[in-house]
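**Q** Protein chains in written order, with the working numbering: chain F, 1 to 230; chain A, 1 to 690.
The beta-carbon is built from N, C-alpha and C at its ideal position, and this holds for glycine as well.
Please find one structure pasted underneath; my questions will follow.
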Amino acid sequence: MNGIEYNLTPGLEDYLLAVNKLVNEKKTVRLKDISAIIGVTNASATSAISQLVERGFLTHSPYEYIDITPLGVAYAEEISRRRNVITKFFKKFINLKDNEIEKIVCKIEHFLSPFISDFQKTIEFFENNRDCYEKLAQYLNFDQHTTKEETKIEIENPKIIPLTMANKGRYRIKYFSGYRIELRLKQMGILPLDEIEVLSNQSGQVLIAKDTLRIGLGRGAAHHIMIEKI
Amino acid sequence: MEKNEKKIAIIGNPNSGKTTLFNLLTGSNQKTGNWSGVTVERIEGKFETENFSVTIVDLPGLWGFFSDSLDETIAKKFLIEEDFDLILTIVDGTMLERSLILTLSLLDRKVPILLVINMCDELEDYGITIYPEKVKQFIPVDAVLISALKSIGLEKLIEAIDKKLAQTDILESDDKEEFLKNNGILPEDFYQQVDLIYKKLKEFLPNYSKSKLWYCSIFFLCMDSSIYDVLPLSIEQKLYISALAKEGASVLARQYKQDPVNILLDYRYSKAKALTNEISKKKETGKTRFSLSDSIDRILTSRFLGLIVFFIALFLLFQLTFTFSKPLSNLITTGFDLLSKILENVTTKNSFQDFIKDLLLKGLLPPLSAVGSFVPVIAILFFLIALLEDSGYMARASFMSDKLMHIAGLHGKSFIPLILGFGCNVPAIMAARTLETPKDRIITILISPLISCSARLPIYLLFVSIFFPKNPALIVFSLYLIGLILAILIGRIFKKIFFKYDEVTLLIDLPPYRVPSLKNAIRSMSTRVADFIKRIIIYILVASMILFFLSYFPDKNSYGSDKSIIGKIASIFSPILSPLGFGYWQILVSLIFGFIGKELVVGSLATLIPSINSPVHGILNFPNSLMVFFNPASAYAFLIFTLLYVPCIATVAIIRKEAGKKWMWISIAYQLALAYVASFVAYSIGKLFI
């Protein structure tokens, strides 16, 4: 499945996995099941699901059950494979609790996916060379790593919302969930942690200001900018 | 003494005043506006400094090189493929921090750079002081303060260009590889990865310009696939480089937890910030460039009032264009009529002169007259659009109409071109040039011919007056509506077929409002008109000549009749139109003539069916003679057909120029098919009511 190039955002990947899981479990999936699992409103789930439908991963007509296409299954399996590799890597080389690892992995898997084979190879190498691994574990001093700052996961922070949901006022950009939008905004000098002001929001169509820059964003673009109220 | 020839490139953010400066330097006719990315085609100008004769290339306005827009690709390709001596990078002094990001990224190209800091006349108002002489301490770039709008500092700039050109000889410095030193231009470990790729590239292409290879190496590391075809590498070499780049990216990812592009952009941003603090000081004056602009925006982009203003502006744009242009268009048509009258009275001495006379009279003057009548429309339209763009409202209008356009799978910037289509499809297609992505541009170009232009109106009016005298307005309105609905449907279908995975996203920067400059608007107008004539005249002449020959031979006395070649061809093919209810060769010929300009449909019908002796109605003169050929159902089907089939040569020529041959054929094919099917459906339904 290495040929798949559809670049989904981490958020969308979560949706795809959730649908895949539900379909495997009980065969009929409704929108509210998905939003309950992910912990979002029906509206955001609708948007995510329709994006996946557009890419041919899911099928969904209004008032009908959601189903996953063979392409979607293949991609979901590829994501799980990648997540498994990284999870294994973390378990072997970084001392974290299992549930913490899980949270981190779904957040970073997306960005690490180009290097999955490197992770895989590293794991294989140490599996084939147990003595090296023992040395490494000793060197890393595994037992004393009990808490880590990075484990404060922001992804489930309810205060972080997509820009489409913002009211007028000041916000701080937390991260971008779309690569293209990220590059375009960074080239214009808008980066994560920057303060922006939302000048108007007309059902997702947003006008933002930063210093001497005014940018109008359509829904599609605004959806990929994750912000937090200041 | 002969001056040395030098070539320089001018590059800057949208709305940085780049085009204004370009015009100022060269005095050439070129367009400037507030709408991001107005200049898509390449424009060159010339000017003289003390020692050099300089050719200057205007690159599209852009923010950087990594978001794959057409403008960026054009600029990137220029920087990699061409040789030049100097980059002029223009930044907005009131927004130094974000403008400098682009300047810093140009350092990668390793050619001399002159930083032009614009809007120096406004700095004081906002409490900003800039020290251009300090720039040199931090980056290897000279800086000059100017105001392009008020022509301040122009002499100093030209002097600086002259000095800079005298100091540097690209080929020489390219050889020494001194430019390879990093000096903080790239993050250190990033630099090392680039260097690895560069060394390999140099091995592969030893004779290639080293600075260009270096520049490419950065894009290779950033996994920018668009440049793989720029360098003459073999497939194995490409694979090698791509593996090297992948390796480099993963090394960097381990350290930065980011991909190379993001590493670079983050680095540049903090560097631009630091540089701004070093070279400028800011006192709080409580005033920014947006103080007034934001208050205006509160009204103009608000949900209700904003939309009202938007539609009023649109209505005015449309109304002014077509009221002002009408007398001028009439004047031009009258002029051509007069010319043909004079020509008619010229006596010819031999058959060759006879032929020439007919060629001019029947073959060339009518299409030229049709095109001539477009000119005032285009001139006024683009004058008004330039004013709107320059004022900053155009960007807001795109923003406001974004949602509406989503219905057709397009975004806000397509709205203006489509609306223009109601006047004339040609400027509509030309205006699609302002769209950023090829997808939006192509879809807009493909669907705008379906918008019913003003040239089709005479046909509607004629047929409606004969066949639907009871409710003419309803019938005409239904045609406009059908055109619009089909445009939306077709837009969606094309998006599905050709651009499946593209997301529709609008991201548009809104410049502050300002008083538009008449000078710029007039310049823009004259460029567009000249451009229009230059672009299509040859196609129109050739197509008209072909049509003329087909109609003229073999019997010159029956021009376009059933004895002419075209008449014979039409007689053979006219049964194709029978299912639509108008399978007569006269109708087919008139439709073929309509290809030159839809206005000619009525005219050629008039010559082909002047009067007819009908067994039912007695002798009927045109237009009543049409009753022999049509009933209301087939008349409506005919109107649908004229609405939807290929609008005119001018439109086809402009589609070819703007989108290329492939899309031109697709456009012709789908419109003919659509016209046929829709017309057939209309006729079949219509028959039930008769």
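If we define contact as Cβ-Cβ less than 9 Å, is threonine 147(F) a contact residue for chain A?
**A** Unreliable placement is indicated for threonine 147(F), whose pLDDT of 37 sits below 50; the coordinate value is still reported in the next sentence. No - not a single Cβ of chain A is within 9 Å of the one on threonine 147(F).
**Q** Within 10 Å of its beta-carbon, does asparagine 118(A) have 16 or more other beta-carbons around it, so buried, or fewer, so exposed?
**A** The residue is buried, with at least 16 neighbouring Cβ atoms inside 10 Å.
**Q** In the DSSP assignment, what residue or residues form a beta bridge with asparagine 624(A)?
**A** Paired residue(s): none; asparagine 624(A) is not in a bridge.
**Q** Let me confirm a value: alanine 18(F) is counted as buried when at least 16 other C-beta atoms fall within 10 Å, else exposed. Which label applies?
**A** Flag for alanine 18(F) reads buried.
**Q** So, are the CB atoms of isoleucine 596(A) and alanine 543(A) less than 9 Å apart?
**A** Contact flag set, yes.
**Q** Report buried or exposed for aspartate 259(A), applying the criterion of at least 16 other Cβ atoms within 10 angstroms of its Cβ.
**A** With 16 or more Cβ atoms within 10 Å of its Cβ, aspartate 259(A) is classed as buried.
**Q** Does any CB atom of chain A fall closer than 9 Å to the CB of serine 82(F)?
**A** Before going on, a small fix: residue 82(F) reads as arginine here, not serine. No - not a single Cβ of chain A is within 9 Å of the one on arginine 82(F).
**Q** Residues in the same chain with beta-carbon distance under 6 Å from asparagine 613(A), minus the five sequence neighbours each way, listed in chain order, please.
**A** Here the set comprises Ile619.
**Q** Output, in sequence order along the chain, the residues in the stretch 225-238 of chain A whose CB is closer than 8 Å to any CB in chain F.
**A** Flagged: no residues at all.
**Q** Applying the 10 Å Cβ sphere with the 16-neighbour rule, what's the burial state of valine 681(A)?
**A** Under this definition valine 681(A) is an exposed residue.
**Q** For the alpha helix (DSSP H) that aspartate 402(A) lies in, which residues bound it at each end?
**A** Run containing aspartate 402(A): 393-406, per the alpha helix (DSSP H) assignment.
**Q** By alpha-carbon positions, which one of Lys563(A), Asp58(A), Glu97(A), Asp142(A) ends up nearest to leucine 213(F)?
**A** Checked all of Lys563(A), Asp58(A), Glu97(A), Asp142(A); the closest Cα to leucine 213(F) is Glu97(A).
**Q** Starting from isoleucine 443(A), follow the alpha helix (DSSP H) in both directions and report where the run begins and ends.
**A** Its alpha helix (DSSP H) spans residues 438-447.
**Q** For a cutoff of 9 Å on Cβ pairs, would you count threonine 212(F) as touching chain A?
**A** Output row for threonine 212(F): interface = yes.
**Q** According to DSSP, glutamine 205(F) sits in a beta bridge with which residue or residues?
**A** According to DSSP, glutamine 205(F) bridges with Gln202(F).
**Q** Strictly by DSSP, which residues pair up with alanine 9(A)?
**A** Answer is Val57(A), Ile87(A).
**Q** Checking 9 Å against the spacing of the C-beta atoms, do leucine 165(A) and asparagine 51(A) come in under that value?
**A** Yes, Cβ-Cβ distance for leucine 165(A) and asparagine 51(A) is below 9 Å.
**Q** Determine the burial state of aspartate 83(A): buried for a count of at least 16 other Cβ atoms within 10 Å of its Cβ, exposed for fewer.
**A** Answer is exposed; the Cβ neighbour count stays below 16.
**Q** In the DSSP output, what is phenylalanine 176(F) paired with across the bridge?
**A** Per DSSP, Ile225(F).
**Q** In chain A, which residues lie with their C-beta within 9 Å of the C-beta of leucine 183(F)?
**A** What leucine 183(F) touches in chain A: Gly64, Phe66, Ser67, Asp68, Val261, Asn262, Leu265.
**Q** If we define contact as Cβ-Cβ less than 9 Å, is tyrosine 393(A) a contact residue for chain F?
**A** It does not; no Cβ of chain F falls within 9 Å.
**Q** Compare the C-alpha of phenylalanine 176(F) against each of Ser113(F), Leu193(F), Ile225(F) and name the closest.
**A** With distances taken between Cα atoms, phenylalanine 176(F) lies closest to Ile225(F).
**Q** From leucine 71(F) to cysteine 106(F), what does the alpha carbon distance come to, in whole angstroms?
**A** If I take the Cα positions, the gap works out to 21 Å.
**Q** Whose CA, out of Leu157(A), Gly412(A), Trp63(A), Leu644(A), lies closest to the CA of phenylalanine 310(A)?
**A** Comparing Cα-Cα distances from phenylalanine 310(A) to each of Leu157(A), Gly412(A), Trp63(A), Leu644(A), the minimum goes to Gly412(A).
**Q** Enumerated in chain order, which unbroken segments of the beta strand (DSSP E) with a length of 3 residues or greater are wholly contained in the stretch 256-328 of chain A?
**A** Within the stretch 256-328 of chain A, the complete beta strand (DSSP E) runs of at least 3 residues are 280-282.
**Q** From glycine 218(F) to serine 398(A), what distance separates their C-alpha atoms?
**A** Going from the Cα of glycine 218(F) to the Cα of serine 398(A) covers about 10 Å.
**Q** Between the stretch 366-379 of chain A and the stretch 316-334 of chain A, can you find at least three pairs of beta-carbon atoms closer than 8 Å?
**A** Yes, since at least three Cβ pairs between the stretch 316-334 of chain A and the stretch 366-379 of chain A fall closer than 8 Å, the two stretches touch.
**Q** Let's see if you can read the secondary structure: which residues bound the beta strand (DSSP E) around lysine 46(A)?
**A** Where lysine 46(A) is concerned, the enclosing beta strand (DSSP E) stretches over 43-48.
**Q** Could you tell me which of Arg82(F), Arg184(F), Val29(F) sits nearest to proline 114(F), measuring between CA atoms?
**A** It is Arg82(F) whose Cα lies nearest to the Cα of proline 114(F).
**Q** So who's on the other strand from threonine 59(F), going by DSSP bridges?
**A** Paired residue(s): Asp67(F).
**Q** Between the Cα of lysine 32(F) and those of Asn24(F), Ser44(F), Glu197(F), spot the shortest distance and give me the residue it belongs to.
**A** Considering only alpha carbons, the answer is Ser44(F).
**Q** Hey, leucine 317(A) and arginine 396(A) are a contact pair by Cβ (cut 8 Å); roughly how many whole angstroms apart?
**A** Actually they are not in contact, since the Cβ atoms of leucine 317(A) and arginine 396(A) sit about 14 Å apart, beyond 8 Å.
**Q** Quick check: what's the CA-CA separation for glycine 248(A) versus leucine 239(A)?
**A** Looking at the two C-alpha atoms, the distance is approximately 14 Å.
**Q** Less than 8 Å between C-beta atoms, sequence neighbours within five positions excluded: which residues of the same chain meet that for leucine 58(F)?
**A** Counting only Cβ-Cβ distances below 8 Å, and skipping sequence neighbours, we find Leu16, Val19, Ile49, Leu52, Ile66, Asp67, Ile68, Thr69, Gly72.
**Q** Any C-beta of chain F sitting closer than 9 Å to the C-beta of tyrosine 215(A)?
**A** So, not an interface residue.
**Q** Rounded to whole angstroms, what's the CA-CA distance from glutamate 691(A) to asparagine 182(A)? Just pull it up for me.
**A** Residue 691(A) cannot be examined here, being either before or after the span of chain A that is shown, 1 to 690.
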